[in-house]
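K.L.:
For what it's worth, the UniProt record's numbering labels the leading residue of the sequence shown as 1, then goes sequentially.
Next up is a structure, given as C-alpha cells.
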Amino acid sequence: MRCPRCLAPDTRVLDSRPTEEGMAVRRRRECQACGERFTTYEKVEVTPLLVIKKDGRREAFDRDKVLRGMLTACEKRPVELERLQAIAAEIERELQSRYDKEVESRVIGEMVMERLRHLDQVAYVRFASVYRQFKDLETFRRELDRLLGGDEPAPAPRSAGEASSDPVGDRQAPAAAAGGSAGPVQAGDGHPAAGIVRGTSPVGPR
C-alpha cells in the first residue's frame, strides 16, 4: 500500500487488531521511505442496502449518516464517540441480517431511538423531538412521561404531518437539551422533565 504522504510503495504493518466486533481489521502502517505512520481498515464488502424514503426515493444506506444524526443528538453530552461508532456499526449489521435489499427509513429511525433511549435520555429526547415532530406540547409531555416512567415509547406516527421523511442525517436535532436554545417545545416549570428540556438534567449515559 502506498504512503499517503510521499506515495512510496513500501510500507510495513506495525500492528493489526480486530475492530467493530470482529467485522473489520485495523492496521497501523509505517512508510519505509519517509517514516509516516497511518491507519488502514480492512472490511468485508457487502451488498449495498437501499433506504426507502417516505417520498418513495431510494438511496444507499450510509452508516456515517446514522452516526452524524446521533452525534448531533449527543452534542455536549457525556457520550464517547467510540460508543456511537459501535452503535452505528451494530445498526448496520442488524439491517444487513434482517433485510436483503431495501429498508424503510422509519425502521432505521426507530433503531436509533431505541439505542439512544438507553444510552442517554437527553440525547433521546432531542432525537425524538425531531424524528417524531411533536405537533403540540401535550404530545411532547406524554413522550417524556413514558421515558421517565420507564415505559416503551409509542410507535412513530406515519401520517404526513407527524413523521420525518428521514430521521437521521438530514435534520439537525434541537439543542434545547444542552445548549440552552429553544427546541420545538418545552416542558413547563412544574413538569418533572423540565430539566431535561433545558439542559440541567443529571441523567447520564446508559
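Backbone N, C-alpha and C define an ideal beta-carbon position, used for all residues, glycine too.
With respect to the beta strand (DSSP E) encompassing residue 25, which residues constitute its N-terminal and C-terminal limits?
P.N.:
It spans 24 to 31 - the beta strand (DSSP E) in which residue 25 sits, taken as one unbroken run.
K.L.:
Once the 5 residues before and after residue 52 are set aside, which same chain residues still bring their CB inside 6 Å of it?
P.N.:
These residues qualify, in order along the chain: 58, 102, 104.
K.L.:
Look at the Cβ atom of residue 63, then the Cβ atom of residue 89, and state whether they are nearer than 8 Å.
P.N.:
Result yes, Cβ atoms of residue 63 and residue 89 sit closer than 8 Å.
K.L.:
Out of 84, 40, 140, which has the shortest C-alpha to C-alpha gap to residue 2?
P.N.:
Out of 84, 40, 140, 40 has the C-alpha closest to the C-alpha of residue 2.
K.L.:
So does residue 75 have its beta carbon nearer than 7 Å to some heavy atom of the ligand ADP?
P.N.:
In the structure on display, the ligand ADP does not appear, and there are no ligands present to speak of.
K.L.:
Tell me where the beta strand (DSSP E) around residue 19 begins and ends.
P.N.:
Counting along the chain, the beta strand (DSSP E) containing residue 19 begins and ends at 11 to 19.
K.L.:
What are the start and end residues of the alpha helix (DSSP H) that includes residue 99?
P.N.:
Residue 99 -> no alpha helix (DSSP H), and no H or E assigned at all.
K.L.:
Output the distance between the C-alpha atoms of residue 77 and residue 9, rounded to the nearest integer angstrom.
P.N.:
For residue 77 and residue 9, the distance between alpha carbons rounds to 43 Å.
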